[in-house]
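2 protein chains.
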Amino acid sequence: MNEKLEKPHVVIVGAGFGGLSAIRALNESPVRLTVVDQHNYHLFQPLLYQVATAGVSADEIAYPVRAFLRRQKNASFHLAQVKMVDLKAKQLETDSGAIAYDYLILGIGGVTNFFGLKSVKENAFTMKDLDEAKEIRNHLLKVFERASYERDPQRRRSLLTFVVVGGGPTGVESAGALSELIRLPLAKDYPALDLAEVRILLLEASDRLLAAMPPDLSAFTLNALTRKKVEVRFGAAVESYDGRQAKLKGGETIPADTLIWAAGVQASPLAGVLGQPLGRQGRVRALPTLQLPEHPEVFVIGDAVYLEDSSGASLPMVAPVAMQQGERAAKNILRLMQGSAPEIFEYRDPGTLATIGRNQAVAAIGGFKFRGFPAWVVWLGAHILRIIGFRNRLIVLINWAWDYLFYDRAVRLIEPDCRKEVKSGIILPQEGKP
Amino acid sequence: MNEKLEKPHVVIVGAGFGGLSAIRALNESPVRLTVVDQHNYHLFQPLLYQVATAGVSADEIAYPVRAFLRRQKNASFHLAQVKMVDLKAKQLETDSGAIAYDYLILGIGGVTNFFGLKSVKENAFTMKDLDEAKEIRNHLLKVFERASYERDPQRRRSLLTFVVVGGGPTGVESAGALSELIRLPLAKDYPALDLAEVRILLLEASDRLLAAMPPDLSAFTLNALTRKKVEVRFGAAVESYDGRQAKLKGGETIPADTLIWAAGVQASPLAGVLGQPLGRQGRVRALPTLQLPEHPEVFVIGDAVYLEDSSGASLPMVAPVAMQQGERAAKNILRLMQGSAPEIFEYRDPGTLATIGRNQAVAAIGGFKFRGFPAWVVWLGAHILRIIGFRNRLIVLINWAWDYLFYDRAVRLIEPDCRKEVKSGIILPQEGKP
Chain A
1 MNEKLEKPHV VIVGAGFGGL SAIRALNESP VRLTVVDQHN YHLFQPLLYQ VATAGVSADE
61 IAYPVRAFLR RQKNASFHLA QVKMVDLKAK QLETDSGAIA YDYLILGIGG VTNFFGLKSV
121 KENAFTMKDL DEAKEIRNHL LKVFERASYE RDPQRRRSLL TFVVVGGGPT GVESAGALSE
181 LIRLPLAKDY PALDLAEVRI LLLEASDRLL AAMPPDLSAF TLNALTRKKV EVRFGAAVES
241 YDGRQAKLKG GETIPADTLI WAAGVQASPL AGVLGQPLGR QGRVRALPTL QLPEHPEVFV
301 IGDAVYLEDS SGASLPMVAP VAMQQGERAA KNILRLMQGS APEIFEYRDP GTLATIGRNQ
361 AVAAIGGFKF RGFPAWVVWL GAHILRIIGF RNRLIVLINW AWDYLFYDRA VRLIEPDCRK
421 EVKSGIILPQ EGKP
Chain B
435 MNEKLEKPHV VIVGAGFGGL SAIRALNESP VRLTVVDQHN YHLFQPLLYQ VATAGVSADE
495 IAYPVRAFLR RQKNASFHLA QVKMVDLKAK QLETDSGAIA YDYLILGIGG VTNFFGLKSV
555 KENAFTMKDL DEAKEIRNHL LKVFERASYE RDPQRRRSLL TFVVVGGGPT GVESAGALSE
615 LIRLPLAKDY PALDLAEVRI LLLEASDRLL AAMPPDLSAF TLNALTRKKV EVRFGAAVES
675 YDGRQAKLKG GETIPADTLI WAAGVQASPL AGVLGQPLGR QGRVRALPTL QLPEHPEVFV
735 IGDAVYLEDS SGASLPMVAP VAMQQGERAA KNILRLMQGS APEIFEYRDP GTLATIGRNQ
795 AVAAIGGFKF RGFPAWVVWL GAHILRIIGF RNRLIVLINW AWDYLFYDRA VRLIEPDCRK
855 EVKSGIILPQ EGKP
């Protein structure tokens, strides 16, 4: 026990991709490791859009942190929400007490960026955590139930109009998955509804989709979505949304009971209260070694840190960056413990991937470009391998195979909404017993 | 369309075991069928206790009603909560308008019976629907998180005391599953906790468990639970529970942060407002043909109807009774349509089953008694076959196999609670972003 206490205490905040990668890198190292997260699970965020579109169950893309730590003898887990970091006293203030650290890795992640649009924040659906994704699923199914007996054609049209804002991977994947959900399983579930009344819009403020991809893959994506009857609009920026009607810059209004906001992310608010200089998207400007300039024992990784690559472009807020930074931060802590100088972080881009739907994806990997079925196979493999837990992998695979073979979606259940402010105006049926 | 409108309109309220069986029996019959339920899914209630103890996912024991109806051309679904039945006007009043019927089947199910104990109703956990089961799962995991850093031994002891009330199948299955959840996977997740501090009590007011079973199977069950370190107490009746302490008749108090109430069921409150005479447990006294005495076009089935068998004993509130009654009600409607007299309902008891845990169950089937491993195999087969949907069956099987082979539980996730009044006093971590 005494020897254990003498080992340096490394605290990792956040069990996301970056945090998990840091934990793995410190396995069997002579440290005491404490992992702090507000959830008791690691969330595989890249598949949240599939929870929202009823393809996989929420449970299948989440994995208990304690299960992950079972194999790692030097680590323990503390379920808590970090309220503040006292950099001078070297301790975290959480909702269940203070936690002192010798070294700290902050992998606190990102939140949705509404760019100051209050009405959008209040009324749009977002997709950053499990509840939000389930809320979208519930809402989509409720909207169809409601539309199935709505007689006012204008009202029904608004119920059946789905606006997705943001032409990045999340927006593209959501719009594609939404189109397939509606045109395949829901068409069978609601034989009395006229699918010609359904409208899916994808709004993008710039002039192309998937800006991180080569232009020809953007064009391929646009074409694939159009064939799925998604109306893609460029130069379209939302100004406000009241839950019933979206108002665009320029004055156009679109009546729609559903608006999914996938237009931006920013660092978690905790990044803003550390008293450190911030870069774009509220991200902490750290040293290239990921350390805070005046607190070399504190490392920031993932969506919360602002770093630029050699060309001066900011590193994207994606899982591979976070994972490589988690490993770098862990290795730098071990170097500091041995009295060596920490090394700077260098990003090795593994390429970018986005799926558009059945048999359809785009991928840009190390100078090579893939599109259509080959890219889709790459996408499938890359995602299945990155899901944590063999059982989760197996069950996601079964759901995908089911979906693929039977043009169906597994999880078409309306469950009670869990958030305090439920955004769906569609509340149906009333709570309680019959 | 005209011909369709001329067909009699049969409305089935409730997509439980009874409702589904009635729907199936009316497949290809010359009727228009409308199924009304407050949820968009059929729930496989016998496995709710496995959702509560993190064994299977909520999604796996629920099946969309619309998916069930896809194959049945004469049926449609209406998601609505029935507020009242106007027997004279032959119409339902729901939260989304009125629905007129020619024939009505009420399979409105049961709710928890608290026997007038207000404090128990407010503070105990129950297990009648998906939210309630998930609430138990969340609470159990939160209690362990909380206990993992609680230093007051008395407080920790209360956190780790689990009281299950009711020695019927639900109570027995819950206590057994809870013991295995704690002694196997949670012991691995919380290596720092002393399992000797964990206490599981099963309180039964009478003098034996599983009263519907032969006495030697009751004795076998008692023995099996005792070996799982469940303390079974007979003649123990709860008088009150404030969320921290259970008070028994006789004055004994048990400090416990968890009390699961599995002591009784009664008919849904809607049964009580039909203006019909009621039998025990608030169940409607119908004719032996399942019809209401003065409304031969209205049938009541399942937990909501009170009937006696030839020996004068009331039929139990279990799935096989509901399923057979659903079929009988459907056939009687067809007989009425043809001008024939309806037939009386006769229950063919398929036997009773209860599982106690790994390799352990009891079964009494047609004069034969099984216990231990053979009964467990019968239990497994009977339940897997009755789950609706091949995909659900497959995934439940995988989860069970996983659990069985690796002594693990699949779904150890704490998700936000969905009910307005959250019973768990353990709220942790605070809601919101880090």
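Sequences listed follow chains A and B, in order. Note that my numbering gives residue 243 to position 243 of the first sequence, counting from 1, and the numbers run on in steps of one. Note that my numbering gives residue 471 to position 37 of the second sequence, counting from 1, and the numbers run on in steps of one. Note that beta-carbon positions come from the ideal geometry of N, C-alpha and C, so glycine has one too. These numbers come from a predicted model, not from an experiment.
When you compare the CB of residue i with every CB in chain A, is at least one pair closer than 8 Å?
{"i": "R846 (chain B)", "result": "yes"}
{"i": "A567 (chain B)", "result": "no"}
{"i": "P863 (chain B)", "result": "Interpretation of P863 (chain B) is limited by its pLDDT of 37, a score under 50 that renders its predicted location unreliable; the figure taken from the coordinates is listed afterwards. Chain A contact via Cβ: present."}
{"i": "E614 (chain B)", "result": "no"}
{"i": "H729 (chain B)", "result": "no"}
{"i": "L749 (chain B)", "result": "no"}
{"i": "L618 (chain B)", "result": "no"}
{"i": "R505 (chain B)", "result": "no"}
{"i": "H512 (chain B)", "result": "yes"}
{"i": "S530 (chain B)", "result": "yes"}
{"i": "K491 (chain B)", "result": "Here residue 491 (chain B) is Ser; the residue named in the question, Lys, does not match the sequence. Closer than 8 Å: yes."}
{"i": "F832 (chain B)", "result": "In the sequence on display, residue 832 (chain B) carries Ile and not Phe. Yes - at least one Cβ of chain A is within 8 Å of the one on I832 (chain B)."}
Does residue i pass the burial test, meaning 16 or more other C-beta atoms within 10 Å, or should it be called exposed?
{"i": "K552 (chain B)", "result": "exposed"}
{"i": "T53 (chain A)", "result": "buried"}
{"i": "K73 (chain A)", "result": "exposed"}
{"i": "E569 (chain B)", "result": "buried"}
{"i": "F390 (chain A)", "result": "exposed"}
{"i": "E579 (chain B)", "result": "buried"}
{"i": "P649 (chain B)", "result": "exposed"}
{"i": "F406 (chain A)", "result": "exposed"}
{"i": "I344 (chain A)", "result": "exposed"}
{"i": "Q324 (chain A)", "result": "buried"}
{"i": "D520 (chain B)", "result": "exposed"}
{"i": "Q38 (chain A)", "result": "buried"}
Please list, in chain order, all residues of the same chain as residue i whose beta carbon is under 7 Å from its beta carbon, the five residues on each side excluded.
{"i": "G282 (chain A)", "result": "Q266, A267, A271, G272"}
{"i": "L334 (chain A)", "result": "S29"}
{"i": "G109 (chain A)", "result": "G14, G16, S268, G302, D303, A304"}
{"i": "L656 (chain B)", "result": "L643, V666"}
{"i": "S592 (chain B)", "result": "R678, P689, A690, D691"}
{"i": "S652 (chain B)", "result": "R642, L643, L644"}
{"i": "E239 (chain A)", "result": "K247, L248, K249"}
What are the start and end residues of the alpha helix (DSSP H) that includes residue i?
{"i": "V812 (chain B)", "result": "807-820"}
{"i": "Q759 (chain B)", "result": "753-771"}
{"i": "R589 (chain B)", "result": "587-593"}
{"i": "T53 (chain A)", "result": "Unbroken run through T53 (chain A): none, as it is neither H nor E."}
{"i": "L248 (chain A)", "result": "Premise fails: L248 (chain A) lies in the beta strand (DSSP E), 245-248, not in any alpha helix (DSSP H)."}
{"i": "S21 (chain A)", "result": "17-25"}
Residues in the same chain with beta-carbon distance under 6 Å from residue i, minus the five sequence neighbours each way, listed in chain order, please.
{"i": "A670 (chain B)", "result": "L637, L682"}
{"i": "T258 (chain A)", "result": "F162"}
{"i": "A58 (chain A)", "result": "V51, L130, K134"}
{"i": "E421 (chain A)", "result": "Since pLDDT at E421 (chain A) reaches only 49, below the 50 mark, its modelled position is unreliable, and the value read off the structure follows with that caveat. Within the same chain, E421 (chain A) has no close Cβ partners at all."}
{"i": "V198 (chain A)", "result": "L160, I182"}
If you follow the beta strand (DSSP E) that residue i is in, where does it begin and where does it stop?
{"i": "Q360 (chain A)", "result": "360-365"}
{"i": "Y347 (chain A)", "result": "Counting along the chain, Y347 (chain A) falls outside any beta strand (DSSP E), and DSSP gives it neither H nor E."}
{"i": "D471 (chain B)", "result": "466-471"}
{"i": "P255 (chain A)", "result": "253-255"}
{"i": "I446 (chain B)", "result": "443-447"}
{"i": "Y404 (chain A)", "result": "Note, Y404 (chain A): premise wrong, no beta strand (DSSP E); alpha helix (DSSP H) at 390-406."}
{"i": "A775 (chain B)", "result": "No beta strand (DSSP E) holds A775 (chain B); DSSP gives it neither H nor E."}
Counting only C-beta atoms, is residue i closer than 8 Å to chain B at any point?
{"i": "L101 (chain A)", "result": "Note that residue 101 (chain A) corresponds to Tyr in the displayed sequence, not to Leu. Output row for Y101 (chain A): interface = no."}
{"i": "A246 (chain A)", "result": "no"}
{"i": "W402 (chain A)", "result": "yes"}
{"i": "Y149 (chain A)", "result": "yes"}
{"i": "P153 (chain A)", "result": "no"}
{"i": "D189 (chain A)", "result": "yes"}
Give every residue of the same chain whose Cβ lies closer than 8 Å to the Cβ of residue i, excluding the five residues on either side of it in the sequence, and list them in chain order.
{"i": "I822 (chain B)", "result": "L454, H476, F478, Y497, F502"}
{"i": "I939 (chain B)", "result": "Residue 939 (chain B) falls outside the range modelled here, since chain B spans only 435 to 868, and no answer is possible."}
Against chain D, with Cβ distances strictly below 8 Å, would residue i count as a contact?
{"i": "Y781 (chain B)", "result": "Absent here is chain D; the protein component of the structure consists of chains A and B."}
Give, in chain order, every unbroken run of the alpha helix (DSSP H) that is at least 4 residues long and sits entirely within the segment 65-136 of chain A.
Within the segment 65-136 of chain A, the complete alpha helix (DSSP H) runs of at least 4 residues are 65-69, 118-123.
If you scan the segment 260-288 of chain A from start to end, which runs of the alpha helix (DSSP H) of 4 or more residues do you find wholly inside it?
Annotation: the segment 260-288 of chain A contains the following complete segments of the alpha helix (DSSP H) (minimum length 4 residues), in chain order: 269-272.
Can you list, in chain order, the stretches of the beta strand (DSSP E) that have 3 or more residues and sit fully within the segment 180-219 of chain A?
Runs found: 199-204.
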